[in-house]
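Chemist: Numbering (our numbering), first residue to last: 27 to 325.
Note that CB positions come from ideal geometry on N, CA and C, so glycine has one too.
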Amino acid sequence: MGNVVILGAGGRLGAALARNWSATGENVIAFDRRTLSLGDPDLLEQVLGPIEFDSLVNCAALTNVDYCETHQEEAFKVNGEAANDVALLCEQKGARCLHISTDYVFDGNSATPYKESDIPVPISVYGASKRLGEEAVLAVGPRHWVVRVSWVFGPDRVSFVDQVVARALVEDKVDAVDNKWASPTYTLDAATLLLPFLERVPGGGTLHLANEGACTWREYGQFALDCAAENGLALKTFRVGGVPMESIKAFVAKRPVHSVLDSTKLASLGRIPPRPWKEAVREYIQKQVAAGVWNAPKA
Ligand SMILES: NC(=O)c1ccc[n+]([C@@H]2O[C@H](COP(=O)([O-])OP(=O)(O)OC[C@H]3O[C@@H](n4cnc5c(N)ncnc54)[C@H](OP(=O)(O)O)[C@@H]3O)[C@@H](O)[C@H]2O)c1
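1. Please state whether the Cβ-Cβ distance between S155 and C94 is less than 8 Å.
2. If the criterion is Cβ atoms closer than 8 Å, does the pair Y152 and V91 meet it?
3. Could you say if the stretch 51-65 and the stretch 239-257 meet the contact criterion of at least three C-beta pairs nearer than 8 Å?
4. Ignoring anything shorter than 4 residues or poking outside the stretch 94-164, list the alpha helix (DSSP H) runs there in chain order.
5. Rounded C-beta distance between W171 and L124? I'm assuming under 8 Å.
6. Leaving out the 5 sequence neighbours to the left and right, which residues in its chain are closer than 6 Å to D201 when beta-carbon positions are compared?
7. Across which residues does DSSP place T211 in a beta bridge pair?
8. Among R226, D182 and N29, which one has its Cα closest to the Cα of Y212?
9. Please tell me whether, using a cut-off of 7 Å, the distance from the CB of V175 to the nearest non-hydrogen atom of ligand 1 is below it.
10. Give a yes or no on whether the C-beta atoms belonging to V191 and A236 are separated by under 8 Å.
11. Given a cut-off of 8 Å, decide if V147 and D133 are closer than it, judged by their beta-carbon atoms.
12. Could you give the distance in angstroms between the alpha-carbon of L261 and the alpha-carbon of V315?
13. Just to confirm, does S127 get its C-beta within under 7 Å of one of the non-hydrogen atoms of ligand 2?
14. Between which two residues does the alpha helix (DSSP H) harbouring P33 extend?
15. At which residues does the alpha helix (DSSP H) containing F186 begin and terminate?
16. D204 to L251, Cα distance in whole Å?
17. Could you check whether the Cβ of A254 sits closer than 8 Å to any Cβ belonging to chain D?
18. For L243 and K206, what's the separation of their Cα atoms in angstroms?
19. Distance check for M27 and G239, CA to CA, integer angstroms please.
20. Below 8 Å on the Cβ atoms is my guess for N84 versus I126; work out the distance and round it to an integer in Å.
21. My parser needs the alpha helix (DSSP H) runs of 4 or more residues fully inside the stretch 258-308; what are they?
22. Figure out for me which residue from A255, N29, V73 and A208 has the closest Cα to the Cα of R308.
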């Protein structure tokens with residue numbers, strides 16, 4: 027396989043893809059925000075123009091939903107316009123672009139999981155800016171993929187599951203939202219499932235890629251604590267209490283209530299379907315405990 031460029035390689039998903047694919051022998055050329063800051067098409071051309079590559083995965087994005095809500099211009103520039111610039115450059119080079127996107131392009135009003143054919147209706151600046159990026163990538167040419175993930179977790183950057191475990195180690199009470207549903211996505215599973223899309227899977231379009239099943243933030247956190255306890259962590263609390271999303275005063279942006287992704291298209295493309303989210307979370311917590319991530323600091 028030819029070279030694969032990864033943008034956003036300092037982030038949770040980009041770092042996992044870069045490490046895993048390098049380990050399996052791919053020729054990965056990784057850029058983080060320091061080495062390639064998106065938003066300036068001339069800089070993009072200057073940095074990527076001289077490099078030969080067959081595929082590029084764009085994991086770079088402004089991902090803080092509340093920050094985007096109050097920094098609209100920057101959000102649209104990075105998540106929308108820069109996605110267009112990246113895809114155009116890929117098209118010029120005859121390379122495939124895999125653009126990572128989000129369940130937040132949906133309004134969350136569907137009672138059933140979202141399929142790729144469902145119409146996006148973003149309800150936040152983040153969602154709208156990511157949708158702009160999706161539309162741009164898909165308009166550039168038929169060989170490119172928009173890959174939507176949700177509730178991304180993995181060893182390269184702390185996310186909700188890590189925070190719940192860390193809090194339960196020191197606090198008597200841990201709460202999480204119990205009226206919002208989505209599907210967690212394990213970065214290491216995404217690395218395995220996305221690899222064939224660099225070259226082998228023909229065509230292009232939109233793909234949902236999340237672990238199978240759905241949960242609320244409370245259920246997700248509770249299962250993480252169950253796994254942490256199974257693995258011998260000395261938690262101060264074993265229960266995650268439920269709170270309504272409306273009670274979280276720090277949330278500036280609106281969030282979709284039910285943005286569960288239906289990832290069955292993968293199987294219809296002849297690929298392995300994602301495993302259930304509980305299996306992925308169990309494995310992750312086990313590995314993090316074994317790696318000593320939550321060991322008490324030595325006195
Ligand atoms: N996290 C989730 O739960 C979630 C859910 C749904 C979809 N997604 C999508 O999945 C993709 C990967 O997200 P993630 O979880 O890996 O998030 P992440 O850890 O925040 O990674 C995004 C990376 O993009 C970088 N970045 C931000 N602005 C940039 C710019 N102007 N130029 C270059 N790089 C820039 C960030 O750099 P800094 O670290 O310096 O800020 C960060 O390293 C994104 O497309 C996101 O929209 C994520």
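Modeler: Looking at the atomic coordinates:
1. If you number the sequence shown from 1, residue 155 lands on position 129. If you number the sequence shown from 1, residue 94 lands on position 68. Cβ atoms of S155 and C94: closer than 8 Å.
2. To locate residue 152, count along the sequence shown from 1; it is residue 126. To locate residue 91, count along the sequence shown from 1; it is residue 65. Yes, the pair counts as a contact, with Cβ atoms nearer than the cut-off.
3. no
4. Within the stretch 94-164, the complete alpha helix (DSSP H) runs of at least 4 residues are 98-101 and 108-119.
5. Here residue 171 refers to the residue found at position 145 of the sequence shown. Here residue 124 refers to the residue found at position 98 of the sequence shown. Rounded, the Cβ-Cβ distance is 5 Å, consistent with contact.
6. Mapped onto the sequence shown, residue 201 falls at position 175. Excluding the 5 residues flanking it on each side, D201 has same chain C-beta neighbours closer than 6 Å at G267 and V269, in chain order.
7. In the sequence shown, counting from the first residue as 1, residue 211 sits at position 185. DSSP output for T211 lists V178 as bridge partner(s).
8. Working through the sequence shown from its first residue, we reach residue 212 at position 186. Ranking R226, D182 and N29 by Cα distance to Y212 puts D182 first.
9. Taking the sequence shown and counting its residues from 1, the one referred to as residue 175 is at position 149. Flag set: Cβ of V175 near ligand 1.
10. Indexing the sequence shown from 1 puts residue 191 at position 165. Indexing the sequence shown from 1 puts residue 236 at position 210. Taking 8 Å as the Cβ cut-off, V191 and A236 do not qualify as a contacting pair.
11. For the purposes of this step, residue 133 is taken as residue 107 along the sequence shown, with counting starting at 1. For the purposes of this step, residue 147 is taken as residue 121 along the sequence shown, with counting starting at 1. It is a contact, given that the beta carbons lie within the stated cut-off.
12. As a position in the sequence shown, residue 261 is number 235, starting the count at 1. As a position in the sequence shown, residue 315 is number 289, starting the count at 1. About 13 Å.
13. Of the ligands this structure carries, namely ligand 1, none is ligand 2.
14. Locating residue 33 in the sequence shown gives position 7, where the first residue counts as 1. It should be pointed out that residue 33 corresponds to Leu in this sequence rather than to Pro. From DSSP, L33 is part of no alpha helix (DSSP H) but of the beta strand (DSSP E) over V30 to L33.
15. Taking the sequence shown and counting its residues from 1, the one referred to as residue 186 is at position 160. F186 to V196 is the span of the alpha helix (DSSP H), which, as asked, contains F186.
16. Numbered from 1 along the sequence shown, position 178 holds the residue referred to as residue 204. Numbered from 1 along the sequence shown, position 225 holds the residue referred to as residue 251. So the two alpha carbons sit approximately 16 Å from each other.
17. The structure shown contains no chain D, having only a single protein chain.
18. For this step, residue 243 is matched to residue 217 along the sequence shown. For this step, residue 206 is matched to residue 180 along the sequence shown. Here the sequence assigns Trp to residue 243, which means Leu is not the residue at that position. Looking at the two C-alpha atoms, the distance is approximately 7 Å.
19. For the purposes of this step, residue 239 is identified with residue 213 of the sequence shown, where counting begins at 1. For the purposes of this step, residue 27 is identified with residue 1 of the sequence shown, where counting begins at 1. Distance between the alpha carbons of G239 and M27 is about 33 Å.
20. Along the sequence shown, one-based indexing puts residue 84 at 58. Along the sequence shown, one-based indexing puts residue 126 at 100. About 6 Å; that satisfies the 8 Å criterion.
21. 291-294
22. Against the sequence shown, residue 308 aligns to sequence position 282. Nearest of A255, N29, V73 and A208 to R308, Cα basis: A255.
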